[in-house]
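**Student:** Take this structure first; my questions come after.
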């Protein structure tokens, strides 16, 4: 099974306010988008990010060939316990995920 990062043009994570992070998966074409959309299972992504599945928000955007996930931050952004203020490290986790 290939890693997600080898199939898509970009995986990007970003700060979505002090309480949420958003991870975007950009696909080059509709065929890749369909494969990624079907291969990324919510339960697997939730487990990867260490959140309960019902807290995971997923947005499939076929017009842009993008799959987005939003998850609650483990700690509030900018607090002393925050070790990834901009959420940049979260994309790496998803990039390395093997999908069908």
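Residue numbers (our numbering): 28 to 127.
Note that CB positions come from ideal geometry on N, CA and C, so glycine has one too.
These figures come from a predicted structure and were not determined experimentally.
Taking the alpha helix (DSSP H) that residue 51 falls in, what are its first and last residues?
**Tutor:** Where residue 51 is concerned, there is no enclosing alpha helix (DSSP H), although the beta strand (DSSP E) it sits in stretches over 47 to 53.
**Student:** Let me know if residue 94 comes out buried or exposed under the rule of 16 or more other beta-carbons within 10 Å of its beta-carbon.
**Tutor:** Buried, because 16 or more other Cβ atoms sit within 10 Å of the Cβ of residue 94.
**Student:** Is residue 127 helix, strand or coil by DSSP?
**Tutor:** coil
**Student:** Just reading off the beta strand (DSSP E) that residue 94 is part of, what are its end residues?
**Tutor:** From DSSP, the beta strand (DSSP E) with residue 94 extends over 93 to 99.
**Student:** Suppose the cutoff is 6 Å on Cβ atoms and the five residues either side in sequence are ignored; what does the same chain contact list for residue 64 look like?
**Tutor:** 87 and 94
**Student:** Taking the Cβ atom as the reference point for each residue, do residue 99 and residue 47 lie within a distance shorter than 9 Å?
**Tutor:** yes
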